[in-house]
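What follows is a short report on a single structure.
There are 2 protein chains.
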Amino acid sequence: MSVDTLKTVASTLVDYCRTGQEAKGLSELYALDATSTEAGPGPDGGDPLSNGVDAIRGKHAWWAENFEVHSITVDGPYLHGDKSFAVIFEIDATHTASGQRQAMKEVALYTLNDAGKIIAEAFFMSAG
Amino acid sequence: MSVDTLKTVASTLVDYCRTGQEAKGLSELYALDATSTEAGPGPDGGDPLSNGVDAIRGKHAWWAENFEVHSITVDGPYLHGDKSFAVIFEIDATHTASGQRQAMKEVALYTLNDAGKIIAEAFFMSAG
Chain D
2 MSVDTLKTVA STLVDYCRTG QEAKGLSELY ALDATSTEAG PGPDGGDPLS
52 NGVDAIRGKH AWWAENFEVH SITVDGPYLH GDKSFAVIFE IDATHTASGQ
102 RQAMKEVALY TLNDAGKIIA EAFFMSAG
Chain B
2 MSVDTLKTVA STLVDYCRTG QEAKGLSELY ALDATSTEAG PGPDGGDPLS
52 NGVDAIRGKH AWWAENFEVH SITVDGPYLH GDKSFAVIFE IDATHTASGQ
102 RQAMKEVALY TLNDAGKIIA EAFFMSAG
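Chains as they are written, first to last, in the working numbering: chain D, 2 to 129; chain B, 2 to 129.
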């Protein structure tokens with residue numbers, strides 16, 4: 002691992018998020034046993050932890066089925082050391098079932114393993 | 002520890018940073034053995050790690066002596082679980098010795114210990 006690896010992974014992930022290629026990012030950049038942790042439990046008390054890249058794919062699919070995205074802004078990456086980076090997301094989306102439109106801003110924190118793959122992502126939400 | 006404690010500590014820290022009361026934050030909200038880690042080594046190869054709240058005070062003093070701050074924007078807090086939060090800082094400052102003015106944006110990640118004190122802060126910088 003090196004800072005160059007971190008820069009490459011981080012900027013590639015950001016590029017994929019900007020161009021709607023998140024699925025490619027999951028396949029190329031994530032470890033199979035990567036975890037994803039939401040800021041807190043879901044409205045239904047759901048577990049904030051998704052365990053494994055397939056579970057993260059499931060979360061992406063759920064999102065795509067339930068929300069219409071009007072715009073997304075991806076600010077970053079912001080680097081720390083040689084194994085972590087942060088990205089700031091601003092998303093304007095409508096929950097299709099309820100018709101409720103919401104502007105969300107969140108900080109995502111990514112951690113790489115020794116092989117240079119993303120092993121964890123964690124989301125930070127405004128206290129509201 | 003609870004989410005309420007996290008919310009209180011996080012919003013108090015943000016208020017102090019907005020009103021120039023960082024020193025009060027260090028005294029009230031930080032554990033004595035708190036660490037602070039910069040995004041990377043300094044321009045002189047300096048250790049990114051400051052160990053203990055007194056070392057963090059020293060870093061603040063160094064900053065105050067060497068930079069003139071024109072404006073600071075503090076966006077947050079963004080919460081995750083019950084022990085961590087992030088804050089986005091935008092700082093417009095001039096390095097007084099060189100006269101060089103720079104606009105900096107960084108993400109700061111804070112971690113609380115079981116007693117509800119900040120035990121670690123870590124800074125994430127734009128790849129540049």
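We put the beta carbon where it would ideally sit given N, CA and C, even for glycine.
Helix, strand or coil at residue i according to DSSP, with G and I counted as helix
{"i": "K106 of chain B", "result": "strand"}
{"i": "A67 of chain B", "result": "The question names Ala, yet the displayed sequence has Asn at residue 67 of chain B. In the structure shown, N67 of chain B sits in a helix (DSSP, three-state: H, G or I)."}
{"i": "E122 of chain B", "result": "strand"}
{"i": "T9 of chain D", "result": "helix"}
{"i": "S28 of chain B", "result": "helix"}
{"i": "D45 of chain D", "result": "coil"}
{"i": "A116 of chain D", "result": "coil"}
{"i": "G21 of chain D", "result": "coil"}
DSSP bridge partner residues for residue i (one or two, in chain order)
{"i": "E179 of chain B", "result": "For chain B, the structure presents residues 2 to 129; residue 179 of chain B sits outside this window and is missing."}
{"i": "T97 of chain B", "result": "DSSP output for T97 of chain B lists no bridge partner at all."}
{"i": "N52 of chain B", "result": "B:T36"}
{"i": "Y111 of chain D", "result": "D:F86 and D:E122"}
{"i": "S127 of chain B", "result": "D:Y79"}
CB contact flag (residue i, residue j, <7 Å)
{"i": "A87 of chain B", "j": "V54 of chain B", "result": "no"}
{"i": "A32 of chain D", "j": "K106 of chain D", "result": "no"}
{"i": "K8 of chain B", "j": "Y17 of chain B", "result": "no"}
{"i": "V75 of chain D", "j": "V15 of chain D", "result": "yes"}
{"i": "L110 of chain B", "j": "K84 of chain B", "result": "no"}
{"i": "K60 of chain B", "j": "S51 of chain B", "result": "yes"}
Whole-Å CB distance - residue i paired with residue j, under 8 Å assumed
{"i": "Y79 of chain B", "j": "F90 of chain D", "result": "About 11 Å separates the two Cβ atoms, so there is no contact after all."}
{"i": "A104 of chain D", "j": "D93 of chain D", "result": "5 Å"}
{"i": "H81 of chain D", "j": "A40 of chain B", "result": "5 Å"}
{"i": "F68 of chain B", "j": "T97 of chain B", "result": "7 Å"}
{"i": "R58 of chain D", "j": "L27 of chain D", "result": "6 Å"}
Q: Output, in sequence order along the chain, the residues in the region 88-115 of chain B whose CB is closer than 7 Å to any CB in chain D.
A: In summary, the residues of the region 88-115 of chain B whose CB is separated from some CB of chain D by less than 7 Å are I89, E107, V108 and L110, in the order they occur in the chain.
Q. Going along the region 61-80 of chain B in order, which residues come within less than 7 Å of chain D, judged by CB to CB distance?
A. Of all residues in the region 61-80 of chain B, P78, Y79 and L80 have a Cβ within less than 7 Å of some Cβ in chain D.
Q: Note down, in chain order, all residues in the region 30-43 of chain B with a beta-carbon under 9 Å from any beta-carbon belonging to chain D.
A: Listed in sequence order: T38, E39, A40 and G41.
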